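Protein chains in written order, with our numbering: chain X, 1 to 77; chain E, 1 to 224.
Just so you know, even glycine gets a beta-carbon here, dropped at the ideal spot from N, CA and C.
Computed from a prediction, not measured in an experiment: that's the story for all the values here.
Take a look at the structure set out below.
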Amino acid sequence: MLTQSGLTALAAAIAIAVSTMFPALAQGLTAKAAMESIARQPDAAKDIRSSLIISLAMMEALTIYGLLIAFMLIAKI
Amino acid sequence: MGEKSEVLFSLFGVLDVTGEVITMWILLALITVVCLIVRKNLSERPGKFQNMVETGVEYLDKFTSDILGKEKSRKYFCFLASLFVFIITANYSGLIPGMGLTPYAKAPTSSFSVTIALGIIAFVFLQAAGLRCGVKRYFKRFVSPMFFMLPLLVLDEFVKPASLSLRLFGNVFGEETVMEKLYEILPIGAPILMMVLSILFCALQAVVFTMLVSIYLEEVTEEE
Numbered sequence: 001m002l003t004q005s006g007l008t009a010l011a012a013a014i015a016i017a018v019s020t021m022f023p024a025l026a027q028g029l030t031a032k033a034a035m036e037s038i039a040r041q042p043d044a045a046k047d048i049r050s051s052l053i054i055s056l057a058m059m060e061a062l063t064i065y066g067l068l069i070a071f072m073l074i075a076k077i
Numbered sequence: 001m002g003e004k005s006e007v008l009f010s011l012f013g014v015l016d017v018t019g020e021v022i023t024m025w026i027l028l029a030l031i032t033v034v035c036l037i038v039r040k041n042l043s044e045r046p047g048k049f050q051n052m053v054e055t056g057v058e059y060l061d062k063f064t065s066d067i068l069g070k071e072k073s074r075k076y077f078c079f080l081a082s083l084f085v086f087i088i089t090a091n092y093s094g095l096i097p098g099m100g101l102t103p104y105a106k107a108p109t110s111s112f113s114v115t116i117a118l119g120i121i122a123f124v125f126l127q128a129a130g131l132r133c134g135v136k137r138y139f140k141r142f143v144s145p146m147f148f149m150l151p152l153l154v155l156d157e158f159v160k161p162a163s164l165s166l167r168l169f170g171n172v173f174g175e176e177t178v179m180e181k182l183y184e185i186l187p188i189g190a191p192i193l194m195m196v197l198s199i200l201f202c203a204l205q206a207v208v209f210t211m212l213v214s215i216y217l218e219e220v221t222e223e224e
């Protein structure tokens, strides 16, 4: 049976699930590319590492937005 | 957003002093005391404590001058370093056992008001730094390379502080919430799992915040 609070809980679950899935994929791809380029060119490891951290943080922000929405929805129940 | 803060008392009837504000005052006092002690015992041949602080400052200096270049980094180092030191101490204060569980004791950065304040400070600083490098160049940045980029670039300027503060708030608040939930499951032992991860994440958030502000600063004050 669908109730108001049940739907809200479902919405929160979907919000956090989807917003972790895709940034995680993207972060995996980014990390993979960075590892490969570090392996190919160990001298440039420092520059690559700092750009890697920035891009990971940018993607992390998307997950955080999903998390915030989930928290707000949970608080509504 | 987030949980409602507990108001301890209000100053002048309008300014509510919450638990986070008190924690922040304690942290600021701590940082000030450490700075004063280091300054008082400054010597040519550094002791253990001075050595440690010097290493930290040198590391920060290298960090900002890698992004900004030597000259500009010297100019803006004070602001960026104080931002970093404040955020990292505020984040780490959430790791003290009992923080977030006892009333009035919370990590300051797990409150959205604190992080949006940091975002606004960064925003004002960036605009001021841009204007100081030439008013004409400051406005030219908004219409280059094309005139129709203007609305997007203006919007971008406002999105920067919002995303900075939301990222910091979300990460720290999320960590604190996870730690609370773990505490409810198993009071002794379980929160340590998250705390170990938090040691990494808290430092990373401070690094990311400072790094992004430095990169925006580099964009704003770029030589042509």
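Unbroken alpha helix (DSSP H) run spanning residue i, endpoints
i      : result
T115/E : 112-132
T102/E : Note, T102/E: premise wrong, no alpha helix (DSSP H); not H, not E.
M52/E  : 48-68
Whole-angstrom C-beta distance between residue j and residue i, which should lie under 8 Å
i      : j      : result
A15/X  : I77/X  : That belief does not hold up - the Cβ atoms of A15/X and I77/X are roughly 14 Å apart, past 8 Å.
A122/E : V220/E : About 11 Å; that fails the 8 Å criterion.
Y76/E  : A117/E : Rounded, the Cβ-Cβ distance is 19 Å, inconsistent with contact.
G66/X  : T8/X   : Not confirmed; about 15 Å, so no contact.
Y104/E : E175/E : Contact doesn't hold; Cβ gap of about 19 Å is too wide.
I74/X  : A12/X  : 5 Å
E223/E : L68/E  : Contact doesn't hold; Cβ gap of about 12 Å is too wide.
E20/E  : K106/E : 6 Å
V33/E  : Q50/E  : Their Cβ separation, rounded to whole angstroms, is 15 Å, which puts V33/E and Q50/E out of contact at 8 Å.
L52/X  : A34/X  : 4 Å
A203/E : I88/E  : 6 Å
L60/E  : F84/E  : 6 Å
L8/E   : I22/E  : 6 Å
Host beta strand (DSSP E) of residue i (start-end)
i     : result
F9/E  : 7-11
D43/X : From DSSP, D43/X is part of no beta strand (DSSP E); its letter is neither H nor E.
T18/E : 15-18
Review point. If you pair each beta-carbon of the stretch 85-93 of chain E with each one of the stretch 180-191 of chain E, do three or more pairs fall below 8 Å?
Key: no
Exercise for review: Could you tell me whether the stretch 165-173 of chain E touches the stretch 105-118 of chain E, where touching means 3 or more Cβ pairs closer than 8 Å?
Suggested key: yes
Exercise for review: Could you list the residues in the stretch 19-37 of chain X with a C-beta less than 9 Å from some C-beta on chain E, going in chain order?
Suggested key: none
**Study point:** Inter-stretch contact (C-beta, 8 Å, three-pair minimum) for the stretch 21-38 of chain X and the stretch 133-140 of chain E
**Key:** no
Check your understanding: Which residues, in chain order, does the stretch 172-191 of chain E contribute to contact with chain X at a C-beta distance below 9 Å?
Key -> F173, G174, T177
Practice item. Answer yes if the stretch 202-213 of chain E comes into contact with the stretch 142-155 of chain E, meaning at least three C-beta pairs across the two stretches below 8 Å, and no otherwise. Key: no
Review point. Is the stretch 55-71 of chain X touching the stretch 155-167 of chain E, taking contact as three or more C-beta pairs under 8 Å?
Key: yes
Practice item. Kindly provide the ranges of any beta strand (DSSP E) runs that are 3 or more residues long and lie completely inside the stretch 123-193 of chain E, ordered along the chain. Key: none
Review point. Just by C-beta distance, which residues in the stretch 140-164 of chain E are closer than 8 Å to chain X?
Key: S163
Review point. Of all the residues that make up the stretch 38-51 of chain X, which are near chain E by a beta-carbon distance shorter than 9 Å?
Key: K46, D47, S50
Check your understanding: Which residues, in chain order, does the stretch 51-63 of chain X contribute to contact with chain E at a C-beta distance below 9 Å?
Key -> I53, I54, L56, A57, M58, E60, A61, T63
Check your understanding: Contact between the stretch 72-87 of chain E and the stretch 50-64 of chain E: three or more CB pairs below 8 Å?
Key -> yes
Review point. Listed in chain order, which residues of the stretch 39-59 of chain E have Cβ atoms closer than 8 Å to some Cβ of chain X?
Key: none
Practice item. For the stretch 16-68 of chain X, list the alpha helix (DSSP H) runs that are entirely contained and at least 4 residues long, ordered along the chain. Key: none
Exercise for review: Pull out every residue of the stretch 206-222 of chain E whose Cβ sits closer than 8 Å to any Cβ of chain X, in chain order.
Suggested key: V207, V208, M211, L212, I215
Practice item. Check each residue of the stretch 92-122 of chain E: if its Cβ is closer than 7 Å to any Cβ of chain X, include it; give the result in chain order. Key: none
Exercise for review: Would you list, in chain order, the members of the stretch 58-75 of chain E that have their beta-carbon closer than 7 Å to a beta-carbon of chain X?
Suggested key: none
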